[in-house]
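Residue numbers (this note's numbering): 32 to 431. The beta-carbon is built from N, C-alpha and C at its ideal position, and this holds for glycine as well. Model, not experiment: these values are computed from the prediction. Structure record follows, encoded as structure tokens.
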Ligand code: PMP
Ligand code: GLU
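Below, the structure written as structure tokens:
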């Protein structure tokens, strides 16, 4: 048999999905394990959105639609982007696809020729690096340490740019760090991108999940030059607890959306039609449910961060957005716990799962091998039990 594609063979499994699958399997096997791996809201999709999906099916909105989505949904997206992000787009500048993940992939497919470089500030969501490689790009990772609040600086960005740099993959608020860039920080970073004529892929999927009164500055709102260079990515998964409906969208100049539309017309075709109708309701219906979920996340974050920072050997920053906490285990590297030397986050994660019966995501694949990510998109009760187990696990291993 001839070999499979080398590019495809080299793609690594998504560690977030792998950990979540492992957790679900252990649970199904009757093991009393607690899961903090999945980055998805534990809330059900709000009723008004569910009912819109049901009536779409009943009313036969179950056929092919244009490959880039129905006009009504594009209009709803334009409305929401104007209201929430202060950016004006026309429906012709919107592409709807099967999740923000697919939007990111299709954008990279559209921008990249072999050998192009894609800048990724790390820690970054595990799929960025893999996707860049899947389209034949060279990922250029810029480590952004905890002491900089995991944020990219203009100096580091400038130093990473070469003649081959095509774009930057920029996530704000960030998965996994939960950090949120201020408007001033974004202005200096986007100035560098515009100066070097880079595309800015701005993944703002967590834009509604902000805490302590933090405000989102959408990158596309920073003036015409920045907007021209920006391909905005968002979706309904996180804001409306709609992860399984698979609707994401992008907004960009029509030069970009036209090419993406052609590509989609030969690959996925349209995203699910009933899910598109449900998403219209999500975007134009009441936004009160989003606020209720956001408040719950904020309370859970406060509890988790406070508990974690009282425990021996570990620490975390207080995130201002998304629903993740980055647990720093650098003080535990080289220590022996339960007869095993801990060399990195993967080993800690394995041991914690086996001995502590808690499933979290080691951030090696996110470019942060001394960190593990906890999702607090789960009930307060689970979080309390998870923190208790963490404390017992550390104290039981003699960590002081
Ligand atoms: N971007 C980031 C940073 C994410 O964490 C996720 C979560 N899966 C996505 C994009 C994709 O979301 P979805 O495909 O569910 O719209
Ligand atoms: N984005 C979420 C996470 O980081 C969902 C899983 C995934 O698609 O990676 O956990």
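Three or more C-beta pairs below 8 Å linking the region 86 to 97 and the region 240 to 247:
no
Which stretch, first to last residue, makes up the beta strand (DSSP E) that contains residue 334?
From DSSP, residue 334 is part of no beta strand (DSSP E) but of the alpha helix (DSSP H) over 319 to 339.
Note down the Cα distance separating residue 409 from residue 347, rounded to an integer number of angstroms.
18 Å
Distance check for residue 380 and residue 357, CA to CA, integer angstroms please.
13 Å
Own chain, CB closer than 7 Å to residue 359, minus 5 neighbours either side, in chain order:
177, 345, 346, 347, 401 and 402
What is the DSSP secondary structure of residue 252, counted as helix, strand or coil?
Here residue 252 sits in helix by DSSP.
Less than 8 Å separating the Cβ of residue 45 from some heavy atom of ligand 2?
yes
Take residue 233 and list the residues in its own chain whose beta-carbon comes closer than 6 Å to its own, dropping the five residues that flank it on each side.
201, 250, 261 and 263
With DSSP as the reference, label residue 173 as helix, strand or coil.
strand
Strictly closer than 6 Å from CB to any heavy atom of ligand 1: give me those residues in the order they appear in the chain.
70, 130, 131, 132, 156, 202, 206, 234, 236, 266, 268, 274 and 279
If you count every other CB in all the chains shown that lies within 10 Å of the CB of residue 389, and 16 or more means buried, which is it?
buried
Contact check, residue 355 vs residue 70, beta carbons under 9 Å
yes
Counting C-beta neighbours from all protein chains within 10 Å, is the total for residue 256 16 or more, i.e. buried, or is it exposed?
The residue in question, residue 256, is exposed, as its Cβ has fewer than 16 Cβ neighbours within 10 Å.
Residue 284 versus residue 259: straight-line alpha-carbon distance, rounded:
6 Å
Please indicate yes or no: does the CB of residue 403 lie closer than 8 Å to some heavy atom of ligand 2?
A distance criterion of 8 Å places the beta-carbon of residue 403 beyond contact range of ligand 2, judged by its closest non-hydrogen atom.
Would the beta-carbon of residue 73 be found less than 8 Å away from any heavy atom of ligand 2?
no
Proximal residues to residue 154 (C-beta, below 8 Å), its chain only, five neighbours per side dropped:
175, 181, 205, 207, 208, 357, 394, 397, 398, 399 and 402
What do you reckon, are the CB atoms on residue 266 and residue 80 nearer than 9 Å?
Taking 9 Å as the Cβ cut-off, residue 266 and residue 80 do not qualify as a contacting pair.
Within the same chain, show all residues whose beta-carbon is closer than 6 Å to that of residue 152, passing over the 5 residues directly before and after it, in chain order.
173, 175 and 183
Between the region 325 to 332 and the region 404 to 420, do at least 3 Cβ pairs fall closer than 8 Å?
yes
Could you please give me the residues that DSSP links to residue 352 through a beta bridge?
241
Same chain, Cβ closer than 7 Å to residue 287, five either side skipped, listed in chain order:
141 and 262
Distance, residue 227 Cα to residue 196 Cα:
9 Å
Measure the CB-CB distance between residue 268 and residue 291 and report whether it falls below 9 Å.
no
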